[in-house]
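Line order of the protein sequences matches chains A and B.
With our numbering applied, the first sequence covers 3 to 114.
With our numbering applied, the second sequence covers 33 to 148.
Contents: one structure, followed by commentary.
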Amino acid sequence: DQQVKQNSPSLSVQEGRISILNCDYTNSMFDYFLWYKKYPAEGPTFLISISSIKDKNEDGRFTVFLNKSAKHLSLHIVPSQPGDSAVYFCAASGRGAQKLVFGQGTRLTINP
Amino acid sequence: GAVVSQHPSRVICKSGTSVKIECRSLDFQATTMFWYRQFPKQSLMLMATSNEGSKATYEQGVEKDKFLINHASLTLSTLTVASAHPEDSSFYICSAGYSAMNTEAFFGQGTRLTVV
Numbered sequence: 003d004q005q006v007k008q009n010s011p012s013l014s015v016q017e018g019r020i021s022i023l024n025c026d027y028t029n030s031m032f033d034y035f036l037w038y039k040k041y042p043a044e045g046p047t048f049l050i051s052i053s054s055i056k057d058k059n060e061d062g063r064f065t066v067f068l069n070k071s072a073k074h075l076s077l078h079i080v081p082s083q084p085g086d087s088a089v090y091f092c093a094a095s096g097r098g099a100q101k102l103v104f105g106q107g108t109r110l111t112i113n114p
Numbered sequence: 033g034a035v036v037s038q039h040p041s042r043v044i045c046k047s048g049t050s051v052k053i054e055c056r057s058l059d060f061q062a063t064t065m066f067w068y069r070q071f072p073k074q075s076l077m078l079m080a081t082s083n084e085g086s087k088a089t090y091e092q093g094v095e096k097d098k099f100l101i102n103h104a105s106l107t108l109s110t111l112t113v114a115s116a117h118p119e120d121s122s123f124y125i126c127s128a129g130y131s132a133m134n135t136e137a138f139f140g141q142g143t144r145l146t147v148v
């Protein structure tokens, strides 16, 4: 049972445009959501997070949107840069827990 | 952010041998660390929660006698893959955070284990 789903295994975006990565979840007890970026053979790097009491969090080029009623979150990257090419994982956790449930990941490729 | 160091980054071993992977929090104390495994083109899956000074908590389907976890200090957790077999070949990653109430987990670099 996949509690966190990233239905797009890959996404290709032109440099300078907006990248939108999507994530859906099924467990209504999730309280905290995170996005990680991962390069091959490396551990994930934290990007941005959002608490369930918010619907938007912004940090520089990265913005995460949370729609609790739809159990959906998205990561917007604008403008997209070649260095953004990586695999992006969304993750969720319950209240106060660091135990994360990950989605399958989306491979983002930024084309020059 | 906090630094979590994992060693070794890559190991190749013969079937039947045991392999130890270390996870260290370099600039903070971690009462809890987490061990994940990632198979090719799949998500990170939590294997176990490592608690300093007590037994680890394993996720369903993870053999505790094969994946031995020791969290002897606030800065070090080890995962030993006992009597490794080719099907144990995977990417293993640990994570830790500042406190139990902080959900921003920091990850180690990961260990690519290949059992031949």
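Ideal Cβ positions, reconstructed from N, Cα and C, are used throughout, including at glycine.
Chain-ordered neighbours of residue i on chain A, where CB pairs are closer than 8 angstroms
i	result
I125/B	G45, P46
G129/B	Q100
G142/B	A43, E44, G45
Cross-chain neighbours of residue i in chain E, by beta carbon under 9 angstroms
i	result
Q106/A	The structure shown contains no chain E; its protein chains are A and B.
Beta-carbon neighbours of residue i, restricted to chain A and to distances below 7 angstroms
i	result
A137/B	Q100, L102
T81/B	K101
Beta-ladder partner(s) of residue i, from DSSP
i	result
S95/A	Y34/A
K52/B	T112/B
Q70/B	L76/B, F123/B
K58/A	F67/A
A62/B	Per DSSP, none; premise fails for A62/B.
A88/A	L110/A
I101/B	L111/B
A128/B	M65/B, F138/B
A76/A	Reading off the sequence, residue 76/A comes out as Ser, not Ala. DSSP lists N24/A, F67/A as partners of S76/A.
Partners in chain A for residue i, counting only beta-carbon separations shorter than 9 angstroms
i	result
F66/B	Q100, K101, L102
L78/B	K101, L102, V103, F104
Q38/B	G45
Sequence-distant residues of the same chain with beta carbon closer than 7 angstroms to residue i, five excluded per side
i	result
V43/B	V51, T143, L145
T49/B	A116
S87/A	L110, T111, I112
I22/A	S76, H78
Same chain, Cβ closer than 8 angstroms to residue i, neighbours up to 5 away in sequence not counted
i	result
L129/B	The sequence given here has Gly at residue 129/B, not Leu. The residues are A34, A62, T64, T135, E136, A137, F138.
R19/A	V80, P81, S82
S105/B	E84
P46/A	Y38, K39, K40, F91
6 angstroms Cβ shell around residue i - same chain, five flanking residues per side excluded
i	result
K98/B	A114
Q70/B	L76, F123
L36/A	S51, A93
Practice task
Pull out every residue of the segment 52 to 72 of chain A whose Cβ sits closer than 8 angstroms to any Cβ of chain B, in chain order.
Solution key: none
Practice task
Could you name the residues of the segment 79 to 93 of chain A whose beta carbon sits closer than 9 angstroms to any beta carbon of chain B, in the order they occur along the chain?
Solution key: F91, A93
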